Amino acid sequence: MTNTAILNQQDSTPVYGNFINGEWAAATSGGTFENRNPARASEVIGLFQSSGAGDVDAAVTAADDAARTWGEMSAIARANILYKASEILASRVNDVGRDLSREEGKTLKEGIGETTRAVQILRYYAGEAQQPIGEHYPSTNPMTMLYTLREPLGVVGIITPWNFPIAIPAWKIVPALAFGNTLVFKPATATPLCAVHLVAALQEAGLPQGVLNLVTGSAGAVGDPLIKDERVVAISFTGSNEVGQEIKRVASDRGAKVQLELGGKNPAIVLADADIDHAITQVINGAMMSTGQKCTATSRAIVDRKIASELTERLAQQIGGLKVGDPLTEGITIGPLIDEKAAERVAGEIGRAKSEGVALVTGGERPEALSDGHFVMPALFSDVDPQSRLGQEEMFGPVLGVIPVDDVDEAIAVANQVRYGLSASIFTRDLGRALQFVRQIQAGIVHVNSETAGAEPHVPFGGYKGSSSYSREQGKAAREFYTQMKTVYLDPPPSV
Ligand code: NAP
Numbered sequence: 005m006t007n008t009a010i011l012n013q014q015d016s017t018p019v020y021g022n023f024i025n026g027e028w029a030a031a032t033s034g035g036t037f038e039n040r041n042p043a044r045a046s047e048v049i050g051l052f053q054s055s056g057a058g059d060v061d062a063a064v065t066a067a068d069d070a071a072r073t074w075g076e077m078s079a080i081a082r083a084n085i086l087y088k089a090s091e092i093l094a095s096r097v098n099d100v101g102r103d104l105s106r107e108e109g110k111t112l113k114e115g116i117g118e119t120t121r122a123v124q125i126l127r128y129y130a131g132e133a134q135q136p137i138g139e140h141y142p143s144t145n146p147m148t149m150l151y152t153l154r155e156p157l158g159v160v161g162i163i164t165p166w167n168f169p170i171a172i173p174a175w176k177i178v179p180a181l182a183f184g185n186t187l188v189f190k191p192a193t194a195t196p197l198c199a200v201h202l203v204a205a206l207q208e209a210g211l212p213q214g215v216l217n218l219v220t221g222s223a224g225a226v227g228d229p230l231i232k233d234e235r236v237v238a239i240s241f242t243g244s245n246e247v248g249q250e251i252k253r254v255a256s257d258r259g260a261k262v263q264l265e266l267g268g269k270n271p272a273i274v275l276a277d278a279d280i281d282h283a284i285t286q287v288i289n290g291a292m293m294s295t296g297q298k299c300t301a302t303s304r305a306i307v308d309r310k311i312a313s314e315l316t317e318r319l320a321q322q323i324g325g326l327k328v329g330d331p332l333t334e335g336i337t338i339g340p341l342i343d344e345k346a347a348e349r350v351a352g353e354i355g356r357a358k359s360e361g362v363a364l365v366t367g368g369e370r371p372e373a374l375s376d377g378h379f380v381m382p383a384l385f386s387d388v389d390p391q392s393r394l395g396q397e398e399m400f401g402p403v404l405g406v407i408p409v410d411d412v413d414e415a416i417a418v419a420n421q422v423r424y425g426l427s428a429s430i431f432t433r434d435l436g437r438a439l440q441f442v443r444q445i446q447a448g449i450v451h452v453n454s455e456t457a458g459a460e461p462h463v464p465f466g467g468y469k470g471s472s473s474y475s476r477e478q479g480k481a482a483r484e485f486y487t488q489m490k491t492v493y494l495d496p497p498p499s500v
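For the sequence shown, the working numbering gives the first residue as 5, with consecutive numbering after it.
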């Protein structure tokens with residue numbers, strides 16, 4: 005990374021700046037906050053700016069000033085910058101992936117994988133920016149040239165969660181830039197270093213000043229003034245349902261365009277005719293990778309009663325054998341939760357389900373040997389009541405519940421009985437049942453014989469019901485949110 009992002013060192017800990025109007029700078033408050041490694045809480049990774057309303061105002065002013073020039077720049081020139089940023093980030097993929105693991109807690113393999121996804125997103129939108137931006141229509145007047153144009157919105161606010169600290173910022177920021185918008189980016193407080201890496205790659209690729217502004221700090225001090233600023237014409241938010249709905253209320257009230265990507269309670273249905281070995285591997289990957297902290301994580305295994313006890317036993321065996329520890333250590337497959345509050349919350353949910361009489365088959369304890377980090381052992385519950393808290397609420401941790409059902413109709417009905425609808429899987433060899441599932445499941449991302457958490461960067465991503473606000477991110481779908489349409493009637497003057 006360009007070391008201009010580092011303002012100075014405090015006791016050999018780097019102090020990272022905000023990026024406003026093309027400069028890395030301290031917040032006006034002069035204060036900073038610590039970013040700690042969730043696997044080893046005693047390790048401070050960096051100090052980041054505790055920004056406030058004044059910094060948000062400066063960032064929005066810079067974005068507003070840059071909006072016209074950037075919006076009118078040739079899309080080809082914008083694409084060249086994005087492509088160059090992809091090469092810069094690609095050259096750093098191992099270092100950034102390692103920093104991602106250090107600050108978020110997913111394994112090094114996953115950290116590098118996620119950074120590679122950010123590179124792919126930059127490459128994809130460098131191409132997408134060069135695609136047609138409108139349509140040409142016949143008119144009732146044969147002399148009229150009638151066509152549509154897609155134009156940028158203006159200044160967009162980007163608010164992101166910590167669980168995909170580089171991929172989610174990339175899949176919001178990169179299309180927004182490709183289509184000519186200028187941005188103010190507030191990353192999650194828990195993962196500001198990945199935000200710095202992404203912004204630094206774009207800066208080094210030649211992004212003009214003011215086009216992308218990074219402001220770190222808390223939800224109240226940074227997020228709140230950002231969503232209220234009248235000059236910010238659109239907000240793209242990913243995070244929890246409660247925060248998302250509040251942001252939508254505040255920003256929509258003042259007329260801003262709002263996109264929400266929210267939580268999930270994702271089911272994997274396993275029918276009796278499935279390839280059981282494959283289903284077990286996929287269900288465990290979906291439930292436990294990234295310590296279950298994915299919006300698309302498998303949280304409910306809805307299983308044909310005929311195979312439920314065998315499947316539960318085999319799931320327990322394999323989940324019990326997962327290696328938990330520092331995600332930078334070779335052989336570790338499950339890292340920590342993001343912070344102590346999250347670990348306490350997840351352990352509390354497990355304790356609550358146990359006290360309500362749900363059978364805990366394996367895991368769920370806080371490992372004493374890893375007490376410097378925020379660890380919870382991967383947990384499996386059997387015979388979960390689909391209407392219980394465990395069957396309904398997002399756990400956002402390494403917790404899987406098995407729900408036995410009689411047949412595919414009941415499986416789909418149970419799968420749909422939650423407020424969420426992000427992703428869903430079915431495991432079966434029966435094409436008819438697979439297609440019934442595809443038709444009837446209420447989810448934006450649907451898998452047949454693969455895990456709920458798989459998602460490719462060039463196709464639309466988003467959920468049904470409480471998981472989204474009907475819009476979609478990524479692929480060609482991103483253009484819908486980040487552009488507005490102009491219809492042009494072009495007539496020659498009467499003399500022609
Ligand atoms: P969160 O608490 O809602 O926070 C998300 C972001 O919003 C953070 O940057 C946070 O800042 C900011 N924020 C919080 N309150 C705000 C407010 N009142 N005004 C403006 N900004 C505010 O969510 P999280 O814990 O980071 O992420 C986990 C959730 O995200 C889960 O529910 C998960 O399912 C969901 N998620 C959804 C998707 C998807 O695509 N559907 C993808 C990933 C995650 P601070 O960090 O400073 O608090």
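The beta-carbon is built from N, C-alpha and C at its ideal position, and this holds for glycine as well.
No experiment lies behind these values; they were computed from the predicted model shown.
Based on the DSSP secondary-structure assignment, which residues constitute the bridge partners of Ser386? Taking the first residue of the sequence shown as position 1, residue 386 is located at position 382. DSSP, once it has assigned bridges, lists Ala363 as partnering Ser386.
In whole angstroms, what separates the C-alpha of Thr120 from that of Val97? Here residue 120 is taken as the residue at index 116 of the sequence shown, counted from 1. Here residue 97 is taken as the residue at index 93 of the sequence shown, counted from 1. Looking at the two C-alpha atoms, the distance is approximately 6 Å.
Buried versus exposed call for Ala89 [16 or more other C-beta atoms within 10 Å across all chains shown]: For this step, residue 89 is matched to residue 85 along the sequence shown. Per the 10 Å Cβ criterion, buried.
Please go through the region 207–271 and give each complete beta strand (DSSP E) segment of 3 or more residues, from N-terminal end onward. 216–218, 236–242 and 261–265
Three-pair Cβ contact test at 8 Å for the region 196–203 versus the region 443–450: no
Taking the C-alpha atoms as reference points, what is the distance between Val247 and Val254? Start at 1 with the first residue of the sequence shown, and residue 247 comes out as number 243. Start at 1 with the first residue of the sequence shown, and residue 254 comes out as number 250. One C-alpha to the other measures close to 11 Å.
Need the endpoints of the beta strand (DSSP E) that Ser429 sits in, please. Position 425 of the sequence shown holds residue 429. Where Ser429 is concerned, the enclosing beta strand (DSSP E) stretches over Ser427 to Phe431.
Span separating the alpha-carbon of Asp506 from that of Pro331: As displayed, the chain neither begins before 5 nor continues past 500, which places residue 506 out of reach and without an answer.
Which residue spans inside the region 283–353 form an unbroken alpha helix (DSSP H) run of at least 4? 309–324
Are there any heavy atoms of the ligand NAP lying less than 6 Å away from the beta-carbon of Val463, as far as the coordinates show? Position 459 of the sequence shown, counted from the first residue, corresponds to residue 463. Answer for Val463: no, Cβ out of range of the ligand NAP.
Hey, is the region 401–421 in contact with the region 290–306, meaning 3+ C-beta pairs nearer than 8 Å? yes
Count the other CB atoms, across all protein chains shown, that sit within 10 Å of the CB of Ala373; report buried if there are 16 or more and exposed otherwise. Along the sequence shown, one-based indexing puts residue 373 at 369. With fewer than 16 other Cβ atoms within 10 Å, it is exposed.
Contact the region 137–147 vs the region 162–172: 3+ CB pairs below 8 Å: no
For Glu397, is the beta carbon positioned less than 6 Å from some heavy atom of the ligand NAP? Counting from one through the sequence shown, the residue named residue 397 turns up at place 393. Glu397 Cβ: outside cutoff for every heavy atom of the ligand NAP.
Going by beta carbon distance, what residues of the same chain come within less than 6 Å of Asn167, once the five residues before and after it are set aside? Here residue 167 corresponds to residue number 163 of the sequence shown, with the count starting at 1. Result list for Asn167: Gln297, in chain order.
Around the C-beta of Thr242, are 16 or more other C-beta atoms found within 10 angstroms, so that it is buried, or is it exposed? Position 238 of the sequence shown, counting from 1, holds the residue named residue 242. With 16 or more other Cβ atoms within 10 Å, it is buried.
Taking the alpha-carbon positions, what's the Gly458 to Gly290 distance? The residue given as residue 458 occupies position 454 in the sequence shown. The residue given as residue 290 occupies position 286 in the sequence shown. Straight-line Cα distance between these residues: approximately 8 Å.
Could you give the DSSP three-state label for Leu157: helix, strand or coil? Residue mapping note: residue 157 aligns to position 153 of the sequence shown, counting from 1. Coil, per DSSP.
At a cut-off of 6 Å, would you count Cys299 as near the ligand NAP, judging by its Cβ distance to the nearest heavy atom? Numbered from 1 along the sequence shown, position 295 holds the residue referred to as residue 299. Yes - the ligand NAP has a heavy atom lying nearer than 6 Å to the Cβ of Cys299.
For Ser472, which beta-bridge partners are listed by DSSP? In the sequence shown, residue 472 corresponds to position 468, counting from 1. DSSP, once it has assigned bridges, lists Glu265 as partnering Ser472.
Integer Cβ distance of Ala482 from Pro179, believed to fall under 8 Å: In the sequence shown, counting from the first residue as 1, residue 482 sits at position 478. In the sequence shown, counting from the first residue as 1, residue 179 sits at position 175. Correct: roughly 4 Å between the Cβ atoms.
What separation, rounded to the nearest whole angstrom, lies between the Cα atoms of Asp68 and Asn25? Translated into positions along the sequence shown, residue 68 becomes position 64. Translated into positions along the sequence shown, residue 25 becomes position 21. In a straight line, the C-alpha of Asp68 is about 10 Å away from that of Asn25.
Measuring from the CB of Ser55, is there a heavy atom of the ligand NAP at a distance below 6 Å? Within the sequence shown, residue 55 is the residue found at index 51, counting from 1. Incorrect: Ser55 has no Cβ contact closer than 6 Å to the ligand NAP.
Just to confirm, is the Cβ distance from Leu86 to Leu126 under 7 Å? By 1-based counting over the sequence shown, the position of residue 86 is 82. By 1-based counting over the sequence shown, the position of residue 126 is 122. The answer is yes: Cβ separation under 7 Å.
In its own chain, which residues sit with a C-beta less than 6 Å from the C-beta of Ala383, not counting the 5 before and 5 after it? As a first step, residue 383 must be located in the sequence shown, where it is residue number 379. So the list reads Ile354, Gly367, Gly368 and Val403, once near-sequence residues are dropped.
Going by beta carbon distance, what residues of the same chain come within less than 6 Å of Gln213, once the five residues before and after it are set aside? Counting from 1 along the sequence shown, the entry for residue 213 is found at position 209. Closer than 6 Å at the Cβ level, and outside the excluded window around Gln213, lie Asn25 and Gly26.
Select from Leu93, Ala71, Trp175 and Lys490 the residue whose C-alpha is nearest the C-alpha of Pro461. Within the sequence shown, the letter at position 457 stands for residue 461. If we check each option's Cα against that of Pro461, Trp175 comes out closest.
Is Thr73 near the ligand NAP, with its Cβ less than 6 Å from a heavy atom? As a position in the sequence shown, residue 73 is number 69, starting the count at 1. Not so, every heavy atom of the ligand NAP lies at least 6 Å from the Cβ.
Mind pulling the alpha helix (DSSP H) runs of 4 or more residues that sit fully within the region 435–480? 435–444
Other residues of its chain near Gln488: CB distance less than 7 Å, five sequence neighbours each side excluded: Indexing the sequence shown from 1 puts residue 488 at position 484. The answer, listed in chain order, is Glu155 and Leu157.
What would DSSP say about Glu91, mapped onto helix, strand or coil? Looking up residue 91 in the sequence shown gives position 87. Glu91: helix per DSSP, three-state reduction.
Say yes only if the C-beta of Trp175 is nearer than 6 Å to one or more non-hydrogen atoms of the ligand NAP, and no if none qualify. In the sequence shown, residue 175 corresponds to position 171, counting from 1. Because no heavy atom of the ligand NAP lies under 6 Å away, the Cβ of Trp175 does not count as near it: no.
What residue range is occupied by the uninterrupted beta strand (DSSP E) comprising Ala29? Numbered from 1 along the sequence shown, position 25 holds the residue referred to as residue 29. From DSSP, the beta strand (DSSP E) with Ala29 extends over Glu27 to Ala29.
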